[in-house]
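Numbers given in the numbering used here equal positions in the sequence shown, counted from 1, plus 56.
Comments concern the structure below.
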Amino acid sequence: MSFFHIMRGIFEGFDITAAVTMLRRGDDIIIVIHEGKGWFDPLSDAKGDVYSLVQHLDGGDFLEAFVQVASLVAFVPSELEWKRQSREIEPDQSVPQRWAARRKPWRGSATWRYLRDERHIPEQVIRTAITQNVLREGPRGSMWAAHSDAAGIVTGWEERGPQWRGFAAGGGKVLFRLGTMTATRICVTEAAIDAMSLAAIERIRRDTLYASTGGGWSPATDTALRLLAGRPNTRLVAATDANPQARHSCRGCVSLPASSPVTLSG
Numbered sequence: 057m058s059f060f061h062i063m064r065g066i067f068e069g070f071d072i073t074a075a076v077t078m079l080r081r082g083d084d085i086i087i088v089i090h091e092g093k094g095w096f097d098p099l100s101d102a103k104g105d106v107y108s109l110v111q112h113l114d115g116g117d118f119l120e121a122f123v124q125v126a127s128l129v130a131f132v133p134s135e136l137e138w139k140r141q142s143r144e145i146e147p148d149q150s151v152p153q154r155w156a157a158r159r160k161p162w163r164g165s166a167t168w169r170y171l172r173d174e175r176h177i178p179e180q181v182i183r184t185a186i187t188q189n190v191l192r193e194g195p196r197g198s199m200w201a202a203h204s205d206a207a208g209i210v211t212g213w214e215e216r217g218p219q220w221r222g223f224a225a226g227g228g229k230v231l232f233r234l235g236t237m238t239a240t241r242i243c244v245t246e247a248a249i250d251a252m253s254l255a256a257i258e259r260i261r262r263d264t265l266y267a268s269t270g271g272g273w274s275p276a277t278d279t280a281l282r283l284l285a286g287r288p289n290t291r292l293v294a295a296t297d298a299n300p301q302a303r304h305s306c307r308g309c310v311s312l313p314a315s316s317p318v319t320l321s322g
């Protein structure tokens with residue numbers, strides 16, 4: 057069945073010129089090109105194939121146009137047979153094993169340059185993070201920043217690079233921790249980059265633990281912060297952006313034990 061027969065079936069009332077190159081319906085004018093395989097609208101920039109023509113004239117998405125055109129040639133689309141592989145499949149190695157298999161950044165490495173040159177993290181802070189074993193070289197110049205539990209076991213990592221951000225597949229968000237583990241001042245941020253940036257601004261205060269929730273507030277994160285907040289004379293500082301997600305994090309901090317004063321900044 058030709059392009060023109062399909063058009064006649066879809067758009068009752070179209071007139072086809074003698075030269076069979078122009079279709080007209082009311083104010084709509086369609087010029088057929090490429091031996092019936094394409095079209096364009098001389099009154100706009102619209103052009104394409106038969107499916108895009110249906111979308112152009114009747115609206116709707118590609119699937120609706122496909123079904124409409126298919127009905128004219130007695131074609132019945134089959135159900136999708138291919139299914140995307142689930143992302144829930146467990147990796148071959150455990151989270152701590154995958155973390156241990158990656159190299160630490162070194163001076164001049166791709167991760168080092170990304171942190172220093174693009175994120176403007178001072179080398180002193182980068183060295184401290186490497187010494188405390190919370191940084192790894194990620195793929196394509198990205199950074200891995202470890203999340204760990206109260207026992208120091210790596211549960212996952214934030215992934216951040218020039219063109220990528222995410223979290224370890226199969227990992228769990230708890231807290232990224234940088235600084236003094238026994239500190240009485242806990243600065244809570246939404247990302248490891250933010251925690252390192254704040255550490256740089258404050259020149260890594262000795263009385264402070266710089267933490268990141270990884271952009272979420274999981275039950276494990278809540279438990280970890282409650283353990284920290286429950287220590288004697290502990291003060292929490294919520295250092296976040298001024299947006300709805302940040303306000304959620306601030307509310308999480310405020311809900312922690314009242315014996316721990318909370319300072320909000322953003």
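Even for Gly, the Cβ is constructed at its ideal location relative to N, Cα and C.
Note that the structure is predicted; figures quoted are calculated from it, not measured.
Item, Value
"Euclidean distance between Cα positions of V244 and A256", "15 Å"
"Member of T290, A225, V190 whose CA lies at the smallest distance from the CA of Q149", "A225"
"Own chain residues within Cβ distance below 8 Å of I242, not counting five before or after", "T264, L265, A267, L281, L284, A285, T290, R291, L292, V293"
"Check whether V151 and G212 have beta carbons under 8 Å apart", "yes"
"Backbone CA spacing between D101 and I86 [nearest angstrom]", "12 Å"
"I89 (DSSP reduced to helix, strand or coil)", "strand"
"Whole-angstrom C-beta distance between A247 and G270, which should lie under 8 Å", "7 Å"
"W220 classed as buried or exposed, judged by whether at least 16 other C-beta atoms fall within 10 angstroms", "exposed"
"Proximity below 8 Å, CB of W53 to CB of L113", "Outside the shown range of the chain, which is 57 to 322, sits residue 53, and nothing can be said about it."
"Supposed close pair A295, D250 - CB separation, criterion 8 Å", "7 Å"
"E215 burial status per 10 Å Cβ neighbour count (16 or more: buried)", "buried"
"Completely contained beta strand (DSSP E) runs for the region 194-218, where each covers 3 or more residues", "199-204, 210-217"
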